[in-house]
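To start, the structure under review is shown below, and the notes come after it.
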Amino acid sequence: MLDIKRVRDNFEEVKKMLLTRNEDLGNLDNFEPLDKKRRELIAKTEELKAERNKVSEQISVMKRNKEDATEVITRMRQVGDEIKTLDTELNAIEEEFKDMMMRLPNIPHESVPVGTEEDDNVEDYKWGNVPTFDFEAKAHWDIAKDLDIVDFERGAKVAGSRFLFYKGLGARLERALISFMMDLHADHHGYTEMLPPQIVNRDSLTGTGQLPKFEEDVFKLVREEDEVDFYLIPTAEVPVTNYYRDEILTVDMLPQAFTAYSANFRSEAGSAGRDTRGLIRQHQFNKVELVRFVKPEESYEQLELLTGHAEKVLQLLGLPYRKLKMCTADLGFVAAKKYDLEVWIPAQDMYREISSCSNFEDFQARRANIRFRREPNAKPEYVHTLNGSGLAIGRTVAALLENYQQADGSVIIPEVLRPYMGGVEVISAK
RNA sequence: GGAGAGUUGUCCGAGAGGUCGAAGGAGCACGAUUGGAAAUCGUGUAUGCGGGUAACACUGCAUCAAGGGUUCAAAUCCCUUACUCUCCGCCA
C-alpha cells in the first residue's frame, strides 16, 4: 500500500508516476473527496466520543456520591445513538477508501526506465555463450518425451491440462536442482533455509499484494462449512514474507534472508493458448525463492546482491542468460524496481524469463505491517522487502534439456549437479 | 470430530462493569553509585489515526486475539470466529 500522506501531499505527482505503469488505477480520482470526507467524519465522531468519555466519568462520580444521574444518562443515550450512526457511515467510507488504496500499484523507482510495453525493457547485459548445434535442436518437450522423463499426457488425465508427471531421471533432476539451489543459497549466500506452508489465508495474500486485485490468478480452496478462505500459494514469497507480518523487528536482525523451496500454484487465467506445450507455463511448478527483509536505505544495493545470487545459479549451471531492467509498464503491481533474468531457450530461439528479482520498498511492509526499530525505544519504521526466484525449477529443466542436448537425443548433466544426481553424467534414452 | 481451559503491553503476570492504556515483576534505555563491572537506587519505556508546534511541549480518539452485541459507560457481561493447551477419538 502507498503512504496515504504521500498521496495526499503530492497527489498530481504520484498520479503521474502511477500512470507510467500499465495498470488500472481504479478509483484513484476518488482519493481526494473520500479522504476529505473520511477525515471530517473522524473529527466529528471523535469529538462526540470525547464528550461521552468525559460525561461518563461524571456519571461515575455522581453514582459514587449517590446523586441522581438519570437526566445525564438520557442525554448520553442520544449522543451514543449519534455516534453509532456516524460510525456506520465512517466505516463504509473507510472500507471504500481502503479498497481503493489496496488496488493502487507501487510507485516506480526513479531508476526504472519509463516504457509502455515489453519492448521498452532495457537489457543490462548477456552472460554465457549461446550454444550452436550441428543438428536440428529439439524442443524440450520432445527431448523429455523421447527420454521418457516427463509425462504430460498422464498429467492431463490425472489432474488436468498444465499438470504433469516428472518420471525417473526427470523427477531426479527436478529434485537435484532444488537441492543444489537450496544448498548454494543456504551454504554460500547466507540465507536461512525455510520450508513454508503451501496453503495460506487471505491476509497473507493481501500482505504481499496478490489480493484483492488478482483474485483470479490464485487457486482458492472452498469448503462450504468453513468461513475462512484458504489459498494455494502462487509462490513461496507469500508465506515467507508474511512470516514477519504484524511484527516489529530489532535493527540487528536486518538484513534477514530466507531461501525457501515450495510448489507454486497458478491458475494462469487469461493465458489460454500461451505456452501450452512444455514446462514453461504449468498450473503447478516448483521454485526456490529468495526473500530479504532489509533497512530502507540498503534496499537498492540489496536488490543487486539478491539478483547476483540468482544469476550465480545460472552461471554455475552454465546456462546462457540475459539480465533485463523492467520498464514501468512491465513492473507488475507491487515492485518499485524489478530485474528479470531470462535464460536462453534454443528451440524457441529466444530468452525466456526464469527469475524475477524485485525491490518492493515498503509497499508490502505497509500491507503486512512489518516494521523494525533502530533503537530500543525508537519509533518503528517499515522495513523494505525484496524477493527473487532462485530459480524456477521447471524452466531450469527446460533450459538444461535444450541447451545440453546432444545429436543422439541424450542430455549432458552439468558437473555441479552430478553429485545430486547420484553420479549420473548424461540422460539417455533406454 | 467430542469435552474442557485459555488468548492482556517486548516478555511473565494481575485485573471480574466506572477511579484501567491497564497493578506487580522481568527485560531494555538513561542517570546515580564504582577504579571498572556486578549488585543497588532513581527515571523512562506500546502502537495507529487526528489536532497542535519552527521543533519540542501539550492534546483528542482508538487498541487488553478478531468481529459483532448489551450499556450512559466494556479488558471485565453476551454472541460468532480464529488460535493455543489438556484429555478422548481418527489418522499420514
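Just so you know, we're using the working numbering here: the first sequence kicks off at -17 and counts up by one. Note that CB positions come from ideal geometry on N, CA and C, so glycine has one too.
C-alpha gap between residue i and residue j, whole angstroms
{"i": "Asp130", "j": "Gly150", "result": "8 Å"}
{"i": "Ile(-14)", "j": "Asp81", "result": "13 Å"}
{"i": "Glu229", "j": "Tyr364", "result": "10 Å"}
{"i": "Thr70", "j": "Leu23", "result": "10 Å"}
{"i": "Gly137", "j": "Ile375", "result": "17 Å"}
{"i": "Met332", "j": "Ala25", "result": "59 Å"}
{"i": "Arg353", "j": "His366", "result": "9 Å"}
{"i": "Asn224", "j": "Gly189", "result": "7 Å"}
{"i": "Ala121", "j": "Val96", "result": "35 Å"}
{"i": "Phe196", "j": "Ile215", "result": "13 Å"}
{"i": "Ser371", "j": "Phe342", "result": "14 Å"}
{"i": "Phe115", "j": "Leu399", "result": "23 Å"}
{"i": "Ala168", "j": "Ala242", "result": "10 Å"}
{"i": "Asn(-8)", "j": "Phe13", "result": "12 Å"}
{"i": "Pro140", "j": "Ala153", "result": "In the sequence as displayed, the identity of residue 140 is Val instead of Pro. C-alpha separation (whole angstroms): 17 Å."}
{"i": "Lys412", "j": "Tyr402", "result": "21 Å"}
{"i": "Tyr107", "j": "Val379", "result": "23 Å"}
{"i": "Glu324", "j": "Met308", "result": "12 Å"}
{"i": "Gly132", "j": "Ala218", "result": "Contrary to the premise, residue 132 reads as Val rather than Gly in this sequence. Spanning the two alpha carbons is a distance of roughly 24 Å."}
Residue i burial status per 10 Å Cβ neighbour count (16 or more: buried)
{"i": "Gln40", "result": "exposed"}
{"i": "Gly191", "result": "buried"}
{"i": "Leu492", "result": "Since the first and last residues shown for the chain are -17 and 412, residue 492 lies out of range."}
{"i": "Lys45", "result": "exposed"}
{"i": "Ser186", "result": "buried"}
{"i": "Leu203", "result": "exposed"}
{"i": "Met(-17)", "result": "buried"}
{"i": "Gln346", "result": "buried"}
{"i": "Ala389", "result": "exposed"}
{"i": "Pro15", "result": "exposed"}
{"i": "Arg(-12)", "result": "exposed"}
{"i": "Ala329", "result": "buried"}
{"i": "Lys269", "result": "buried"}
{"i": "Val112", "result": "exposed"}
Residues near residue i in its chain [Cβ-Cβ closer than 8 Å; skip 5 each side]
{"i": "Ala251", "result": "Glu198 and Asp199"}
{"i": "Val233", "result": "Lys277, Phe354, Arg355, Arg356 and Glu357"}
Test item: CB-CB of residue i and residue j under 8 Å
{"i": "Phe240", "j": "Tyr282", "result": "no"}
{"i": "Trp109", "j": "Tyr303", "result": "yes"}
{"i": "Ala119", "j": "Glu384", "result": "yes"}
{"i": "Ser249", "j": "Phe201", "result": "yes"}
{"i": "Val37", "j": "Val54", "result": "yes"}
{"i": "Met163", "j": "Val295", "result": "yes"}
{"i": "Lys320", "j": "Ser338", "result": "yes"}
{"i": "Leu368", "j": "Ser340", "result": "yes"}
{"i": "Arg334", "j": "Arg377", "result": "yes"}
{"i": "Ala350", "j": "Arg227", "result": "yes"}
Cβ neighbours of residue i in the same chain (closer than 6 Å, five flanking residues each side left out)
{"i": "Thr98", "result": "Ala311"}
{"i": "Pro87", "result": "Arg3, Glu5 and Phe315"}
{"i": "Trp123", "result": "Arg259 and Gly260"}
{"i": "Arg144", "result": "Gln264 and His265"}
{"i": "Glu286", "result": "none"}
{"i": "Leu7", "result": "Leu0"}
{"i": "Glu105", "result": "Arg304 and Leu306"}
{"i": "Leu299", "result": "Pro396"}
{"i": "Glu293", "result": "none"}
{"i": "Phe212", "result": "Ile181 and Leu203"}
{"i": "Phe134", "result": "Leu146"}
Close beta carbons around residue i, own chain, < 7 Å, minus the five adjacent residues each side
{"i": "Ile89", "result": "Leu(-16), Val(-4), Met(-1), Leu0 and Ala318"}
{"i": "Gln297", "result": "Trp109"}
{"i": "Glu78", "result": "Leu16"}
{"i": "Lys31", "result": "Ile65"}
{"i": "Val406", "result": "Leu151, Ile395 and Arg400"}
Query - Minimum length 4: unbroken alpha helix (DSSP H) runs contained in the segment 270 to 324 - result: 281 to 299
- prompt: Along the chain, which unbroken stretches of the beta strand (DSSP E) at least 3 residues long are found entirely within the segment 179 to 257?
  reply: 181 to 183, 212 to 214, 229 to 232 and 238 to 247
Fill in: beta strand (DSSP E) runs wholly inside the segment 93 to 162, at least 3 long, in chain order
104 to 109
| Taking only runs of the alpha helix (DSSP H) that begin and end inside the segment 39 to 95, which ones reach a length of at least 4 residues, in chain order? | 52 to 84
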